[in-house]
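Just add 58 to the spot in the sequence shown (first one is 1) and you have the working numbering.
Note that beta-carbon positions come from the ideal geometry of N, C-alpha and C, so glycine has one too.
Everything below concerns the one structure shown next.
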Amino acid sequence: NKSSLSNDALSSSGATTKKQQAGRKHSSNVMKRERNIEAITNTTTTMAWLQQNRVKREEEIKAIRVGNSSTSKRKVIQRQSSHGMRSVQKKTSLFLCFGFSFFICLLIVQLLYVEIMMDDTDTEHSHFSIHSIQKMILRKPQQQKNASSPANTTNTSKLLIHAADILLSTQLLSVPQNLQENGVSIPSSEIPSVEDMEKLYGKHARIYGLKDSCPAFRASVVEEERLITPAGMFNTGTNLIFELLKRNCCIKARQAKYGNETCGIRFQVPWGKHSPVSFRLKHDSEWDHISHTNSLPVVVIKDPYTWMSSMCRHSYSADWKRNATHCPNLVGNNNTTVPVTLDYPKNSPMPKAHYKSLIHLWNSYYNDYLNKTNAFPFLVIRFEDILFFPKDIVTEVCHCAGGVMYEPFRPVKESAKSLLKDKAHEGSSGLPAALMLYGNATKRREPFIDQDLKFIREQVSQELIQIFNYNIL
């Protein structure tokens, strides 16, 4: 019995163990199925997420492509528009250039027509050439003389910076009579021929700035503070115009305020008469400490050929290589230009200046003044006109500043430099000798060799030559 009981117990425990194993297996299978289901679910979710991202990326790529296409279209449209604008601008520029050229041609034709109709007896303008057109631009139509005024002036040409105002009442044909009226008695044999003087300097006297500078100066400076102050390069007649003005002109309001000894005529401009105009408002000369803006500069210019000859006789502070047989010596033996060094006061803005040649010094000094035409009032007068027409020139300058002329006119017969009584000005010419020297075409040519003359023709300022009517050799 014990044996059967133990077998039953064993059988019963074995059955229980199988049931347990079967339960565990079932649970394991259930868990596997759940894990598989979960894995499948996760995979499905991942695939769906990937699909969504792929769709989004495709949409983004498509948008980018569409955007790039739009940008490209915009760029193409912009390039087409820019090309169209440039084309329109080119057409507009061509049209404006053509219109301006047509206007200039009409103006030249009108000048030629006026010249023909004026019945001018001067053969210099009787042919159609570039030179004649340039001369006609500078020329003024004559006006009827006004007996009440000392000299008539005409309007300045605006086609250049300014053309010098021409004193039509002052003609070379009346030089002997004019000198006699001015108290200068010189035999006719000592006066240069009219033909020579006309060839060298034209028929009439010229003053640059007379029309514009005079009213501007009188309007900007009260009468009792006005000053007339000469300026110019060495050997140009600054002392002569100073002496003539001092003897014959007075600004009465200034005399009344400052005394009988002060008529407003000064020896030089405040910055130094030989100094460049760039020193204005920046430097005071050693002897003059007066207002720069109250001064009317009267700049004297001289024929470049006779000026260079004068520099050979009196060089002042200019220094360049030369000798007694070859002066002014513009071009050296090795066909190179001869430079010029000029000393100015040590306390000035430019104590030492260097120029390519002597003619470049002449160009620079006077062109610097012309470039200041609209900056402040000033006059430029020719040295030769002071010699031939002293009364007319002094009268115009005096009236320009609001001055009054004394009667009778008192000329300067001796050398104005000799009145200074210093060694630097010894040997200067008096009036008779000066008339013969500066009115003689042969003497004007003598000091120059052909090489120097060629250099002058190439380098001299054509604007200065045209405005002041100097003849080029």
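Beyond the five residues adjoining it in sequence on each side, residue 375 comes within less than 7 Å, by CB distance, of 400, 401 in the same chain, given in chain order.
Within the region 338 to 398, complete alpha helix (DSSP H) segments of at least 4 residues are found at 362 to 371, given in chain order. Assignment of residue 448 by DSSP, reduced to helix, strand and coil, places it in the helix class.
The C-beta separation of residue 522 from residue 425 comes to about 7 Å, placing the pair in contact by the 8 Å criterion.
With a cutoff of 8 Å on beta-carbon distance, residue 365 and residue 294 are scored as near each other. In the three-state DSSP reduction, residue 157 falls in the helix class (H, G or I). For residue 273, the enclosing alpha helix (DSSP H) stretches over residues 268 to 278. Here residue 531 carries a coil assignment [DSSP, helix/strand/coil]. With a threshold of 16 other beta carbon atoms within 10 Å, residue 394 falls short and is exposed. Per DSSP, residue 323 is not a residue of any alpha helix (DSSP H), being assigned neither H nor E.
Judged by DSSP secondary structure, residue 252 falls within the alpha helix (DSSP H) whose first and last residues are 252 to 259. Rounded to the nearest whole angstrom, the CA to CA distance from residue 302 to residue 448 is 8 Å. Annotation: the continuous beta strand (DSSP E) that includes residue 413 extends over 410 to 413. Beta-carbon to beta-carbon, residue 526 and residue 440 are separated by about 6 Å, close enough to satisfy the 8 Å threshold. Apart from the 5 residues on each side of it in sequence, residue 405 sits with its Cβ closer than 8 Å to the Cβ of 341 in its chain, given in chain order.
Sequence-distant Cβ neighbours of residue 508 in its own chain, meaning closer than 8 Å and more than five residues away, do not exist here. Annotation for residue 510: 386, 387, 388, 389 place their beta carbon closer than 8 Å to its own, counting only its chain and skipping 5 residues before and after. Apart from sequence neighbours up to five positions away, the residues of its chain that approach residue 369 with a beta-carbon distance below 7 Å are 292, 293, 376, 386, 416, ordered along the chain. Going by beta carbons, residue 397 and residue 412 fall inside the 8 Å limit. For residue 378, the CB contacts under 6 Å within the same chain, skipping 5 residues up- and downstream, are 396, 398 in chain order. Residue 531 sits close to residue 363, with the two beta carbons spaced by under 8 Å. For residue 437 against residue 268, the beta-carbon gap comes to about 7 Å, under 8 Å, which counts as contact. The DSSP assignment places complete alpha helix (DSSP H) segments of no fewer than 4 residues inside the region 284 to 317 at 296 to 306, 310 to 316, in order along the chain.
Pairing residue 116 with residue 97, the inter-Cα distance amounts to about 28 Å. Remark: three or more beta-carbon pairs, one from each stretch, lie closer than 8 Å, so the region 276 to 285 and the region 307 to 314 are flagged as touching. Here residue 427 is buried. Its C-beta has 16 or more other C-beta atoms within 10 Å.
In the DSSP assignment, residue 468 falls outside any alpha helix (DSSP H), carrying neither H nor E. Cβ-Cβ separation between residue 328 and residue 353: approximately 6 Å, consistent with a contact (criterion under 8 Å). Here residue 347 is exposed: its Cβ has fewer than 16 other Cβ atoms, across all protein chains shown, within 10 Å. Following the DSSP letters along the chain, one finds residue 417 inside the alpha helix (DSSP H) bounded by residues 416 to 428. A Cβ-Cβ separation of about 5 Å places residue 306 in contact with residue 464 under the 8 Å criterion. CA-to-CA, the gap between residue 150 and residue 162 works out to about 18 Å.
Considering only 257, 153, 105, the residue with the shortest C-alpha distance to residue 497 is 257. Residue range 437 to 440 is occupied by the beta strand (DSSP E) that includes residue 439, with no alpha helix (DSSP H) assigned at that position. When secondary structure is reduced to three states using DSSP, residue 121 falls in the helix class.
If you look at residue 431, you'll find it isn't in any alpha helix (DSSP H); DSSP assigns it neither H nor E.
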